[in-house]
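S.K.:
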Amino acid sequence: MGYRLGVDVGGTFTDLLLFNADTGAFWRHKTPSTPHDSSEGILNGVTAICANAGVKPAEIEYFLHGTTVATNAVLEGKGARVGLIVTEGYRDIMQIARSYVPGGLAAWIIWPKPTPLAALEDTVTVGGRMNAQGQEVRALDESSARAALTQLKDQGVEAITVSFMNAYTNGAHEKRVGELAREIMQDVPVSLSHEVLPEMQEYERTLTTVANAAVRPVVSKYVSNLRNKLADSGFAGKLSLLRSDGGLMSAQKAEEHPVNILMSGPAGGVTGALWVGKNAGIKNILTLDVGGTSTDVALIENLEPRRVRTTEVGHLAVRASSLDVKTVGAGGGSIAYVPELTGALRVGPQSAGAVPGPVAYGKGGELPTVTDANVVLGYLPENLLGGSFQLDREGAKKAVQTIADALGIDLMSAARGIIDIVNENMFGALRMISVQQGYDPRHFALMGFGGAGPLHVNAVARLMGSWPAVSPVSPGVLCALGDATTRMRTETARSFSRLATTTDAQELIAILKEMADQTRAELRSDGIADADISSEFEIDVRYAGQAFEVPLTITPEVLERDGIDGILKRFDEEHLRLFTFNMDTPHEIVNLRAVALGQALDLPAAELPKGDGNPAAAKMRDHTLWMDGKEQAAVIYDRSKLRQGDIIPGPAIVVEMDSTTLIETGCVATVDKVGNILINLA
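In the working numbering, the protein residues as written are 205 to 886.
1) Can the beta-carbon of Leu756 be found less than 8 angstroms from the beta-carbon of Arg774?
2) In this structure, how does DSSP classify Pro645 when only helix, strand and coil are distinguished?
3) Do the CB positions of Ser498 and Val626 come within less than 8 angstroms of each other?
4) In whole angstroms, give me the CA-to-CA distance for Ile771 and Ala697.
5) Mind reading off the beta-carbon distance from Val745 to His791? Whole number of angstroms is fine, and I expect it under 8 angstroms.
6) Mind checking who Pro462 pairs with in its DSSP beta bridge?
7) Measure the CB-CB distance between His827 and Pro658 and report whether it falls below 8 angstroms.
8) If you count every other CB in all the chains shown that lies within 10 Å of the CB of Asp326, and 16 or more means buried, which is it?
9) Quick check: Pro470 and Thr531, are their CB atoms within less than 8 angstroms of each other?
10) Suppose you measure from the CA of Glu292 to the CA of Glu777; what does that come to, to the nearest Å?
11) Is Tyr207 near Val250, with beta carbons less than 8 angstroms apart?
12) Which same chain residues, not among the five before or five after Ser444, have their C-beta less than 6 angstroms away from its C-beta?
13) Across which residues does DSSP place Asn224 in a beta bridge pair?
14) By how many angstroms is the C-alpha of Pro553 removed from the C-alpha of Gly245?
15) Given a cut-off of 8 angstroms on the beta-carbon distance, is the pair Val494 and His660 in contact?
16) To the nearest angstrom, report how far apart Ala323 and Val278 are at their CA atoms.
17) What span of residues does the beta strand (DSSP E) with Met747 cover, start to end?
18) Pull the bridge partners of Glu325 from the DSSP assignment, please.
19) Over the uninterrupted beta strand (DSSP E) stretch that includes Gly287, give me the two end residues.
20) Considering only the beta carbon of each residue, do Ser617 and Ala649 sit closer than 8 angstroms?
21) Helix, strand or coil: how does DSSP classify Gly552 here?
22) Identify the continuous beta strand (DSSP E) that holds Ala886 and give its terminal residues.
23) How would you label Met719, buried or exposed, when you count the other beta carbons within 10 angstroms and need 16 or more for buried?
24) So, with DSSP's three-state summary, where would you put Ala665?
25) Excluding five sequence neighbours on each side, which residues of the same chain lie with their C-beta closer than 7 angstroms to the C-beta of Ala349?
26) List the whole-angstrom C-beta distance separating Ala534 from Val580, where the pair is believed to meet the contact cut-off of C-beta under 8 angstroms.
27) Have a look at Trp315 and Arg431 and give me their C-alpha separation to the nearest angstrom.
28) Please state whether DSSP places Asp609 in a helix, a strand or coil.
29) Measure the CB-CB distance between Gly536 and Thr573 and report whether it falls below 8 angstroms.
30) In the DSSP assignment, find the unbroken alpha helix (DSSP H) run with Ser424 in it and report its ends.
31) Within a Cβ cutoff of 6 angstroms, which residues of the same chain sit near Ala477, ignoring the five residues on either side of it in sequence?
32) What is the rounded straight-line gap between the Cα of Thr759 and the Cα of Glu742?
33) Whose C-beta lies closer than 6 angstroms to the C-beta of Leu805 among residues of the same chain, with five residues either side of it excluded?
34) Three-state secondary structure (DSSP) at Phe267?
35) Can you find the residues in the same chain that come closer than 6 angstroms, C-beta to C-beta, to Gly654, ignoring five residues on each side of it along the sequence?
36) Just the Cα atoms here: how many angstroms apart are Val872 and Glu860?
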């Protein structure tokens, strides 16, 4: 098995986790991110962690990587200039979009319409037409295609997208234009809609393909840059990137289809939480991933994370599978302020980030942040990381005092107010993925990770009624752990659009089989042995006449056994859970998807030595903190010295290299056999 290295690049820190898959031993490292070129930060980390473990980069077999490079290109509007080629008469497809204006009734007055990813002046049309059955109605006008491409070349576009009407049923015309593009424009990357998303609904298909083209040059440059730097360091293994849906794809596939890694960053936390859940015997988990700038939340039911068919980044929503992750602008660096107009305390979404950071970090930050409030209240002890990192508590107090003065209250109440508001913001995001989707949060455990997750997990669990609150092993680098332990995944889709009554199960099985063969071949080309590949199917079903469908996962065996009725029964159950009613309208089968998965890496978690339940050996010192409106005596423990079965009554603080866990008054924590801290009401 050899060594696997998981790397997660965040806005503030780059986290690394090196795993020896034979022995289960692991090393972890955090290094500041280098936003101008993240491969620099990654290489600093690789050098450090290899030296630490006494391993040469050449010994690492797999380099597995979650990245926000595509996400940031979209959020910051730094994508490439895209030339779009569409069917005659459809030049305004990106401008008209779905004519949807978000917000209330008068929203159109104040809504600044986002600029489409492909500008109107870079959109050209070509004659030729397929019908909905995939037959040619009008031949492709090659001379107009050549003229269009030459025009785009002269305008200096950096990427090309071809999206024709009904191309999802027959991509011949798109393919031909792609060939002409390579002839006329040589090195410019070309994205064809029937390859990126062979599904109906031309706007979604076009938008997704344009987004793919827009981030391609950025991702390409990033991947090749990283590959070269790693090669220079002696690394000769496989480089894979984490997809938005929690699977891995080879770096070369990521360069061709980067639309699948738009939510690569947050997916790492969810796959890491899955690994912890498996080892701790917890099946239903709500995740709370708190970074410096934002918090990501997700829902895992029965060790299956919820997936959705759209990836949303800012105001861009593309059709690509992703884990259902909601993000709020609430993190350790979120800035607290009191607007003059309302005089009410607000926290975030502005963040102090890595530079200048919270006041307590002493790097020149001046505005009060959530981290500063945690320091003032005593939840974040001054000397972290074994005393190598001093926090400036006096500076934090001065900063939070400005909030207290603006509100006319005392310092501690102001600091606790900041924490309460940020916890409510996290609570709001968690309600969106649980209660609003028909799940009862009281049936789930809440797992807090990321640098600041374990500080807030106890308080948020109280709001949600989700127990136990879990602080997993090495919470600060859990995303990197997720990157290291997940498996290869690829999928393909096809529109079907037929009423269930006119569909024959055998015909459906034949199409799915053909799609399964295609996806398996893709994984084989990435060097995965056929015996290690498994297939899954997803079928989108809706009531005829509805405009949205419900995706259902199904195995070939179940389909053989229960036939189409089995699928429809599943759909009715899911529809009832989501919308509380069913209809007696006929069912329509909309889209089919086949998923191929590589082998899951069965990494065991190392067991801790057994203790007698008394954590005295891990006690560092006595401490006072402010909770429930008064000063209280608490104890600080060193996590690395805790043993399985140790019982820690709150209030208490557990510190470790990359995170701090807060156990509140009225709660009690136990350490499970692999070292997770499980907090329950006393």
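Glycine included, every Cβ here is placed at the ideal spot set by N, Cα and C.
Source: prediction; values computed, not measured.
M.R.: In brief:
1) yes
2) helix
3) no
4) 18 angstroms
5) 6 angstroms
6) Answer is none; Pro462 lacks a bridge partner.
7) no
8) buried
9) yes
10) 43 angstroms
11) no
12) Leu268, Leu452 and Ser454
13) Tyr207
14) 26 angstroms
15) yes
16) 15 angstroms
17) This sequence places Tyr at residue 747; Met is not what is there. Start and end: Ser738 to Tyr747.
18) Glu325 is not bridged to any residue.
19) Val286 to Thr291
20) no
21) strand
22) Counting along the chain, Ala886 falls outside any beta strand (DSSP E), and DSSP gives it neither H nor E.
23) buried
24) helix
25) Val330, Val381 and Leu384
26) With a Cβ gap of about 18 angstroms, Ala534 and Val580 do not count as contacting.
27) 42 angstroms
28) helix
29) yes
30) Glu406 to Asp436
31) Ile489, Thr491 and Met651
32) 9 angstroms
33) Thr689
34) strand
35) Asp493, Val494 and Gly495
36) 19 angstroms
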